[in-house]
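Just below is one structure, and these are the notes that go with it.
Numbering (full-length UniProt numbering), first residue to last: 1 to 171.
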């Protein structure tokens with residue numbers, strides 16, 4: 001396996017339409033109020049480096065094959081929880097090669113380097129995958145008619161975390 005690269009989306013903004021299409025196809029049912037243009041606008045808002053929201057792309061074998069983000073919020077519910085690991089997406093052609101684990105671990109490292117103390121995520125079907133990477137189940141709920149698991153991870157490796165400072169992009 002050649003080494004993948006994680007590149008800030010801010011350096012490749014021309015990819016936003018393609019990435020928004022991927023996200024819309026993958027998660028549109030969880031966000032029925034959003035159009036593909038809304039997904040593109042969210043990605044455009046994440047063209048940051050030192051403050052949230054931040055997005056990255058995965059380049060593997062000279063192709064863009066995935067995405068990841070750190071967001072202030074990722075659900076209409078659970079607004080008290082922040083920040084969120086989100087938009088973990090890999091093209092079907094590269095799944096099963098260990099890139100998912102690599103990608104999540106890279107973004108966990110980025111979160112720690114940003115000074116975050118805790119992250120959250122939600123998943124429909126990847127709970128065991130995230131648990132293997134050190135994430136803990138907080139709760140399960142119905143979200144937009146789908147059963148999801150909300151999970152947390154302490155960036156400092158401690159069992160109990162303090163709330164993360166929120167570094168939002170200026171308005």
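Beta carbons: idealized from backbone N, C-alpha and C, even for Gly.
Around the beta carbon of residue 58, 16 or more other beta carbons lie within 10 angstroms, which makes this residue buried. Here residue 99 has 4, 58, 60, 65, 66, 90 as same chain residues with Cβ atoms under 8 Å from its own Cβ, once five neighbours each way along the sequence are excluded. DSSP assignment within the region 103-146 yields the following whole beta strand (DSSP E) runs of 3 residues or more, N-terminal first: 118-123, 136-143. If the five residues before and after residue 137 are omitted, its C-beta is found closer than 7 Å to the C-beta atoms of 127, 149, 151, all from its own chain and listed in chain order.
For residue 156, the closest of 139, 122, 114 by C-alpha to C-alpha distance is 114. Under the DSSP assignment, residue 24 falls in the alpha helix (DSSP H) whose first and last residues are 16-27. DSSP places residue 5 outside any alpha helix (DSSP H); the residue lies instead in the beta strand (DSSP E), whose first and last residues are 5-8. Spatial neighbours of residue 17 in its own chain (CB-CB distance under 8 Å, excluding positions within 5 residues in sequence) are listed in chain order as 40. When only Cα atoms are considered, residue 72 and residue 83 end up about 4 Å apart. Residue environment analysis places residue 43 among the buried positions, since at least 16 neighbouring C-beta atoms fall within 10 angstroms of its C-beta. DSSP places residue 71 in the strand class (E or B) of the three-state scheme. Here residue 9 is near residue 47, since their CB atoms are less than 8 Å apart. Around the beta carbon of residue 23, a 10 Å sphere encloses 16 or more other beta carbons of the protein chains shown; the residue is thus reported as buried. By the neighbour-count definition (other C-beta atoms within 10 Å, threshold 16), residue 118 is a buried residue.
The C-alpha of residue 31 lies about 13 Å from the C-alpha of residue 142. By the 16-neighbour rule on beta-carbons within 10 angstroms, residue 147 is exposed. The beta carbon of residue 77 sits closer than 8 Å to those of 141, 143, all from its chain and outside the five residues before and after it, given in chain order.
Secondary structure at residue 86: strand, using DSSP grouped into helix, strand and coil.
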